[in-house]
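From first to last, the protein sequence lines stand for chains G and R. Numbering-wise, the first sequence is residues 0 to 893 according to numbering that gives the first Met the number 0. Numbering-wise, the second sequence is residues 0 to 893 according to numbering that gives the first Met the number 0. No residue lacks a Cβ here, since even glycine has one placed at the ideal position from N, Cα and C. These numbers come from a predicted model, not from an experiment. Worksheet for the structure shown next.
Number of protein chains: 2
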Amino acid sequence: MAEKFVYEFGARTDGDAKMKELLGGKGANLAEMARIGLPVPPGFTITTAVCAAFTAKGGLPEEVDAQKNAALANVEKQVGRRFGDAKDPLLFSVRSGARESMPGMMDTILNLGLNDETVLGLAAATNNPRFAYDSYRRFIQMYGDVVLEVHAEDEHSHDPFEEILSAVKRSSGVQFDNQLSEANLRDIIERYKELIQKVTGRSFPQDVHQQLLGAIGAVFKSWNNQRAILYRRKYGIPGEWGTAVNVQSMVFGNMGPDSATGVAFTRDPASGENVFYGEYLIDAQGEDVVAGIRTPNPIRQMEKDMPAVYGELVAMRKKLESHFHDMQDFEFTVQQNKLYMLQTRNGKRTGFAAMRIALEMERDGLIDQKTAIGRIPADSITTLLAPIFDGKEQAKAKVIGKGLPAGPGAASGKVCFSAAKAEELHRCGEKALLCRAETSPEDIRGMLASEGILTSRGGVSSHAALVARQMGKVCVVGAATLEIDYGSRSMRAGAVTVKEGDEISIDGTRGEVYLGSLATVPSEINQVLEGTLPAEKSAIYGMFARLMEWCDGCRKLKVYLNADSPQQAKAGLRYGGEGVGLIRTEHMFFEGGRIDFMREMILAETAAEREKALAKLLPMQREDFIGIFTAMEGLPVNIRFLDPPLHEFVPHDEDTQRALGKKFNIPFERIRARVEALKEFNPMLGHRGCRLGISYPEVSRMQARAVFEAVVHCKKQNIAVHPEIMIPLIGFVKELRHQADIVQEAARAVREESGVQFDYLLGTMLELPRACLRAGEIAEIAQFCSFGSNDLTQTALGMSRDDMGSFLDRYNELEIFTQNPFATIDMEGVGELMKIAVERARKTRPGIVLGICGEHGGEPLSVKFAHAIGLTYVSCSPNRVPVAKLAAAQAALT
Amino acid sequence: MAEKFVYEFGARTDGDAKMKELLGGKGANLAEMARIGLPVPPGFTITTAVCAAFTAKGGLPEEVDAQKNAALANVEKQVGRRFGDAKDPLLFSVRSGARESMPGMMDTILNLGLNDETVLGLAAATNNPRFAYDSYRRFIQMYGDVVLEVHAEDEHSHDPFEEILSAVKRSSGVQFDNQLSEANLRDIIERYKELIQKVTGRSFPQDVHQQLLGAIGAVFKSWNNQRAILYRRKYGIPGEWGTAVNVQSMVFGNMGPDSATGVAFTRDPASGENVFYGEYLIDAQGEDVVAGIRTPNPIRQMEKDMPAVYGELVAMRKKLESHFHDMQDFEFTVQQNKLYMLQTRNGKRTGFAAMRIALEMERDGLIDQKTAIGRIPADSITTLLAPIFDGKEQAKAKVIGKGLPAGPGAASGKVCFSAAKAEELHRCGEKALLCRAETSPEDIRGMLASEGILTSRGGVSSHAALVARQMGKVCVVGAATLEIDYGSRSMRAGAVTVKEGDEISIDGTRGEVYLGSLATVPSEINQVLEGTLPAEKSAIYGMFARLMEWCDGCRKLKVYLNADSPQQAKAGLRYGGEGVGLIRTEHMFFEGGRIDFMREMILAETAAEREKALAKLLPMQREDFIGIFTAMEGLPVNIRFLDPPLHEFVPHDEDTQRALGKKFNIPFERIRARVEALKEFNPMLGHRGCRLGISYPEVSRMQARAVFEAVVHCKKQNIAVHPEIMIPLIGFVKELRHQADIVQEAARAVREESGVQFDYLLGTMLELPRACLRAGEIAEIAQFCSFGSNDLTQTALGMSRDDMGSFLDRYNELEIFTQNPFATIDMEGVGELMKIAVERARKTRPGIVLGICGEHGGEPLSVKFAHAIGLTYVSCSPNRVPVAKLAAAQAALT
């Protein structure tokens with residue numbers, strides 16, 4: 000049998016909700032809704048498999064075309080009208096639909112099938128010429144933009160179709176589209192067609208089948224438009240997936256006051272509250288709502304406007320949640336009082352909402368615990384931990400606007416009226432706050448670069464709200480009292496005028512806008528953890544604590560923290576960190592006056608001189624370790640020995656060099672010469688890591704002694720200690736053996752001097768490809784290994800994180816990276832080395848403790864990878880501990 | 000049964016020649032000689048397995064001690080004397096013996112078993128008190144030095160035993176040791192004992208069993224002395240092997256004028272000529288010959304001195320070669336006209352000798368071709384290719400000395416009278432020529448650092464000759480007319496005085512010393528290859544050609560050459576290179592005025608500007624390629640696209656920057672800013688390799704076009720061309736695909752423009768760990784892959800070759816590297832990645848051509864590794880082609 004490329008939905012439905020890979024999310028859910036009897040206008044889906052073929056061939060393969068025509072004929076039968084029929088034409092919408100929703104990223108065409116002839120038929124059949132011409136006008140505009148590529152010339156010009164529309168509105172003295180007369184619309188249609196003729200050199204296509212093919216092609220092509228690529232990059236969606244195309248018979252929300260169109264959520268997607276939520280417009284088509292041009296009405300108002308339909312919608316809300324077991328974001332159209340469902344999907348939600356919905360649905364028995372845990376994007380819970388405005392300051396602050404709370408949290412920054420300006424500020428390290436009348440897909444980069452987003456128009460399903468939810472940005476939409484004037488780069492808020500660059504603050508939980516930059520306090524969760532807020536006073540803490548308890552109950556990976564001070568250790572401990580997976584001892588050398596002793600050590604010319612300087616550093620290191628051991632009482636604490644090149648410690652300017660010379664009575668010239676000698680061509684591949692401890696064994700000896708003396712001190716105070724000593728940058732097992740001997744000897748000496756017995760573990764970082772390959776013999780000595788995924792990425796890829804700036808953009812653009820390998824572990828390359836290492840190390844020492852302590856340790860996909868290859872723990876910065884726990888739990892449950 | 004740690008030889012023999020790993024070379028061959036009936040004094044070997052155990056325990060394990068005592072008792076029975084017997088004592092020699100010979104590196108003790116009592120017994124039993132006291136004197140001296148560690152305090156002081164000896168000789172007015180009277184000897188013995196008492200605080204041990212244990216321990220310990228470690232490092236001998244200890248009953252060459260000791264070679268080890276060769280001393284012990292203190296007599300003189308023994312020796316020579324099938328280096332002792340064999344081993348030989356002996360033995364049916372090929376150290380044949388003195392100049396040059404030719408070749412340099420001075424000059428990049436009365440193991444570093452070695456004393460088996468042979472150094476020994484005066488740092492040669500730092504030349508083939516630095520001409524082989532010398536006039540060329548023919552007949556690996564110019568390509572072709580495996584196109588950009596166009600390209604701010612500059616470079620590149628294609632007609636030519644960071648091309652000093660600005664009419668500030676912007680933290684891991692071609696596709700486009708236009712040009716001239724385009728530094732398959740598309744498009748365009756059809760191969764370097772791991776998918780596009788072993792070593796080990804200087808010595812000292820990984824492929828790490836890559840690439844594309852083009856491509860061990868993992872070719876610098884061919888043949892035959 001030939002492969003099936005076209006799936007129908009309606010009276011006959013081929014697909015279902017599980018077929019998202021093939022049909023895309025929209026197509027699969029249209030099929031599912033049809034299957035369970037919801038009122039879905041019939042249509043068909045051309046599968047994602049065709050996307051690549053279409054791109055390669057530049058057109059529809061023949062067999063797909065045949066299947067499409069067959070499906071089209073079936074739709075004609077069901078609705079009893081024919082495509083292109085001059086009397087009573089069947090119209091279609093053509094929409095994209097990828098495996099994962101990419102809202103607003105790709106193209107859509109409505110009212111397809113209208114031409115100079117069928118528009119007359121539609122007018123006659125509906126007995127509504129105004130409606131027919133409005134639909135034709137919309138169709139030409141969309142088709143002209145999307146398929147024929149008649150656009151504004153650049154981001155500063157106006158859309159040429161909108162210009163014609165505005166001109167006619169102006170000359171007729173009307174404010175809104177739905178106030179245009181039939182004559183106005185016919186006028187607009189003629190002008191649109193002239194525009195197209197002028198720009199493209201061809202007339203607007205009258206053949207409806209040609210229209211359909213053009214639209215299908217445009218949707219497939221839109222998979223590779225710039226904004227879609229940017230979006231995929233941000234969310235890690237592979238370009239290979241492709242989009243499906245949904246061709247659906249049209250229903251009309253623009254057939255007059257008994258028609259409407261809307262978007263609704265089964266719960267509040269910003270706060271997660273279990274209320275019916277959404278918005279609609281009377282006498283409009285779907286795109287009007289999302290575009291945010293007219294501010295739509297809140298859904299509850301429909302109870303008054305269209306009570307019967309509202310009743311149906313409330314029933315629909317219940318039915319959807321009980322069938323899909325998740326919060327749904329659905330689109331509907333009311334055509335002359337009849338409700339149609341055009342789409343449903345799992346609603347995007349903020350981190351706050353994700354947690355609340357998951358916990359409440361579990362409580363209400365709608366989903367089980369495992370599902371609930373899986374529902375919360377691990378990364379998103381960092382938003383719960385972000386600082387909030389100081390209540391007292393907020394009470395005093397000047398509120399200059401109020402809108403809909405679309406992305407919870409607190410954000411302050413300099414006002415930017417364009418995405419470009421926001422990007423510019425961000426590059427300079429400043430905080431930007433993007434303020435727009437409404438946002439569009441072109442603004443995505445600027446939105447990414449901003450602390451928060453504020454719009455004066457549009458509702459909670461507007462583009463700004465949608466994207467902010469997904470990005471986890473603080474957002475207030477539809478703050479209608481703000482009058483933004485792009486021309487003067489300023490915004491009026493009553494008596495106040497805010498200029499570009501002025502500071503404002505927005506509260507995305509309350510929907511308020513304030514003048515100036517408001518002070519912040521720790522998040523509620525942190526206030527509870529720090530003991531300044533009683534737990535019972537914070538609902539959000541209650542939810543967070545419950546979630547963490549669930550995670551602790553099911554995850555296999557332990558979660559450690561990277562800490563360089565007792566403060567950091569305590570912070571991570573509050574979040575439930577189970578040990579310290581990395582102390583970068585060198586960080587301790589930078590504090591206060593210590594750096595000078597470190598420099599004295601580096602400048603020493605003999606081992607004896609070095610030992611003299613080291614003797615001064617020893618008590619300081621010991622105190623540090625005592626502090627962290629005490630904070631982490633009873634938990635493992637992993638101390639990494641000196642790692643960075645010595646060059647990083649010495650001063651490079653003459654003044655400091657001279658001052659240092661004076662302090663230690665060393666000639667300036669000697670210092671300068673030594674600093675010069677320490678310079679390296681490729682410091683990342685130079686004299687660092689264990690190579691230092693091997694060249695200067697006295698450094699390792701001092702560090703080992705500081706650790707063990709701290710252990711003895713703690714043991715004498717009855718503080719349980721589990722020290723682990725980690726040797727960095729091992730490539731050869733003999734390096735490890737050399738350092739292990741030094742450590743062992745120091746332990747013996749300290750035991751003997753103190754009379755106190757203690758245990759410790761000795762291990763190493765696996766951060767060089769060679770170390771991964773030799774993990775079998777390394778594990779003969781190492782009692783644990785921790786992957787240093789930053790260095791391992793740099794060496795495996797031969798790519799320095801510090802130097803990749805010159806080609807990173809290009810690499811992203813070409814999709815050479817699917818993810819930035821320094822953010823998410825490069826599973827195919829670096830991950831392969833890790834797998835080899837795990838296998839070989841475990842073969843030698845089956846129970847060996849294996850972890851990861853690079854920055855990947857707190858990144859959800861990398862945590863899941865760590866679980867998948869059987870690591871024992873991940874170690875991350877303290878504030879990533881909850882993220883890592885959640886990701887670890889999710890990994891364990893899938 | 001308990002493990003056997005002690006193997007006997009003599010009337011009962013446990014071992015044989017095959018057991019070198021366990022018994023060491025000396026022990027195994029002693030056993031073998033005993034087995035085939037040669038006159039070997041009985042004894043036993045303590046195995047190499049005990050070496051590590053001894054080091055760990057600091058003494059002999061109990062079971063070994065018991066086995067040793069049993070063997071000792073057997074020896075006593077055989078010789079009919081007892082160890083420590085006061086009447087007629089059995090004496091022993093105790094010698095080291097590792098798996099591979101390490102001449103002079105470890106310690107030896109003779110005459111063990113003498114004490115104040117047994118010396119009387121020996122005197123009585125031999126009726127030769129002088130001999131007995133001489134032996135005792137020697138024993139105390141050796142034992143004192145080796146076991147009790149009574150040495151000179153530093154390299155400038157005299158040996159304290161030698162000082163006593165000299166003092167007595169002076170006061171008694173005798174010149175040589177063998178002229179000392181019994182009374183003198185007893186005096187010396189007393190003074191020796193006092194010295195030992197004074198330095199060690201203990202008296203010289205009288206217990207013979209304690210003596211034996213001490214000696215065994217000292218030999219084991221000497222495995223880890225500094226000079227042994229240095230030697231092992233140079234020759235890649237693992238520290239784990241350990242040495243065996245040979246305890247053998249003494250025979251005496253110092254029993255008077257009917258006794259003698261000597262060293263002989265079955266052929267000339269310097270020239271390889273098939274003549275009996277060697278030297279001996281009457282009334283001496285073996286150490287006297289090797290130490291070079293008395294210049295020994297050439298072996299042929301024995302025909303007169305001891306005709307009967309000489310006859311036996313000649314017979315022995317024949318027997319040894321016909322049994323061992325190789326040139327033997329053997330030691331013998333004549334005790335009162337009776338010949339004893341003390342050792343035999345395959346003789347070390349120069350590169351010249353190795354080739355000649357192998358070829359002649361094969362010709363004479365002593366060995367087969369396969370064995371002959373295996374006998375020539377691949378690296379050693381580079382000595383055959385080294386320049387020789389210009390015959391005309393040499394004829395006119397002032398000969399200031401004549402000695403024995405001990406290391407063929409021509410060397411000029413500044414005279415150095417100490418090893419330290421030679422090292423110092425070498426470090427400063429100057430050519431040193433080490434001149435010593437004699438050399439000792441302490442001089443090894445200095446010998447390594449010298450162009451050649453000249454001694455005024457000692458014969459062809461002296462330390463200098465021995466080491467020079469093995470190192471492949473030019474060497475003249477025993478140039479007796481030279482009077483070296485260390486005090487005044489000068490050397491008298493008749494009327495001429497040569498000061499330290501003056502230039503001289505030595506001809507190690509003729510044995511002559513010349514004043515001044517003589518001009519050189521290409522080696523005979525090169526003269527023949529270049530057509531300036533008829534082949535039939537050069538015997539050495541004949542041998543070389545025959546050897547290469549053999550190699551070509553059996554090797555599996557192809558040998559390509561790295562070339563950046565037609566000249567280099569031709570040079571490699573003369574040596575039989577079978578293609579160009581690497582053109583570093585960037586080298587072409589440095590030539591002449593081109594660098595400025597390259598700079599113009601780099602300084603360009605837009606793709607259009609870049610293309611303008613590239614258009615100027617294109618014809619130059621094309622000409623280069625035409626030149627190499629023409630030189631390599633019909634053979635594959637592999638062109639690597641631009642690889643190094645752009646920073647390497649731009650000027651870093653202000654003057655050049657300003658001049659450049661003037662030339663291209665670019666403001667100086669822009670140039671400076673651009674140069675600054677190109678700086679990278681870790682250029683090795685930065686914007687280079689294919690990353691350049693991806694950022695600036697126009698560069699790859701230009702290079703592809705230059706290649707293809709050159710191809711078209713050649714095809715029009717009927718020159719067969721096989722171009723291969725190689726993309727550097729691939730990590731991700733998408734990088735390769737991107738560059739492949741550009742190349743493909745250029746090929747299409749050039750084919751279309753020219754109307755000429757041509758083929759080419761497209762491939763990539765495998766020089767990043769990630770690339771090795773992803774070789775499977777890379778091979779979907781790459782038609783060949785070449786390992787860039789330099790970069791692969793840098794990334795796999797995380798070690799920059801440019802920066803490792805700061806810890807390399809330390810790493811060598813600690814034996815963390817067994818070989819320098821940038822000289823010989825790190826088989827355990829880098830090699831493992833290569834194996835993975837080979838396996839995965841071949842799985843995708845079974846017949847894929849795989850090669851190596853890093854500097855390892857001309858290093859014998861790496862070539863053998865390349866063969867072992869199934870590569871198709873190695874590519875190396877032109878003058879390494881013969882080495883690679885020989886190594887490849889050897890790999891194929893083992």
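Give the single residue among R/L229, R/L37, R/E2, R/Q756 whose Cα lies nearest to the Cα of R/F816.
R/L229
Answer yes or no: does any C-beta atom of chain G fall closer than 8 Å to that of R/L772?
It does; some Cβ of chain G falls within 8 Å.
Give, in chain order, every unbroken run of the beta strand (DSSP E) that is at least 3 residues long and sits entirely within the stretch 226-297 of chain G.
242-248, 259-264, 276-281
Quick check: is the beta carbon of R/N253 nearer than 8 Å to any beta carbon in chain G?
no
Residue from R/G578, R/R639, R/Q620 with nearest C-alpha to R/G592:
R/Q620
Identify whether R/M0 lies in helix, strand or coil by the three-state DSSP scheme.
Only weak support is given to the placement of R/M0: the predicted model assigns it a pLDDT of 48, under 50, and the value that follows is read from those uncertain coordinates. Three-state result, R/M0: coil.
Inspect the CB distances between the stretch 373-388 of chain R and the stretch 429-437 of chain R and report whether three or more fall short of 8 Å.
no
Is the Cβ of G/P295 closer than 8 Å to any Cβ of chain R?
no
Are the stretch 62-79 of chain G and the stretch 29-48 of chain G in contact at 8 Å, needing three or more beta carbon pairs?
Segments in contact, yes.
Going straight from the alpha carbon of R/I625 to that of R/N525, what length do you get?
The straight-line gap from Cα to Cα measures roughly 26 Å.
Would you identify the three-state DSSP class for R/V710, choosing helix, strand or coil?
In this structure, R/V710 counts as helix in the three-state DSSP scheme.
Using a Cβ-Cβ cut-off of 8 Å, state whether R/M0 counts as contacting chain G.
Below a pLDDT of 50, predicted positions are generally treated as unreliable, and R/M0, at 48, falls in that range; the measurement from the model is reported next regardless. Chain G, which has no Cβ nearer than 8 Å to the Cβ of R/M0, makes this no.
Show which residues of chain G have a CB atom less than 8 Å away from the CB atom of R/D802.
Here the neighbours are E679, F680, N681, P682, L684, G685, H686.
Contact test: R/R81 Cβ vs the ligand ZN heavy atom, cutoff 7 Å
The ligand ZN is not part of the structure shown, which contains no ligands of any sort.
Report the rounded CA-to-CA distance for G/K536 versus G/V527, giving the unit in angstroms.
C-alpha separation (whole angstroms): 9 Å.
Start-to-end residues for the alpha helix (DSSP H) that takes in R/P128
Per DSSP, R/P128 belongs to the alpha helix (DSSP H) from 128-145.
Using the beta-carbon of each residue, which ones in chain G are nearer than 8 Å to R/E814?
K733
One question on the structure: do G/P407 and G/G507 come within less than 8 Å of each other, judged by their Cβ atoms?
Yes.
Going along chain R, which residues have a C-beta under 9 Å from G/P565?
Residues of chain R passing the Cβ test: none, with the nearest at roughly 32 Å.
Buried or exposed: G/H737, going by 16 or more other Cβ atoms within 10 Å of its Cβ?
Counting other Cβ atoms within 10 Å of its Cβ, G/H737 reaches 16 or more and is therefore classed as buried.
Along chain R, in chain order, which residues have C-beta atoms closer than 7 Å to that of G/F793?
Per the sequence shown, the amino acid found at residue 793 of chain G is Gln instead of Phe. Chain-order list of chain R residues neighbouring G/Q793: L684, by C-beta distance under 7 Å.
For G/S487, is the classification buried or exposed, using 16 other Cβ atoms within 10 angstroms of its Cβ as the cut-off for buried?
exposed
How about G/K17: is its C-beta nearer than 8 Å to some C-beta of chain R?
no
Tell whether a beta-carbon distance below 8 Å holds between G/D325 and G/N345.
Yes, Cβ-Cβ distance for G/D325 and G/N345 is below 8 Å.
Identity of the residue in R/A410, R/E766, R/L481 nearest R/S449 by Cα
Looking at the Cα atoms, R/A410 is the closest of the given residues.
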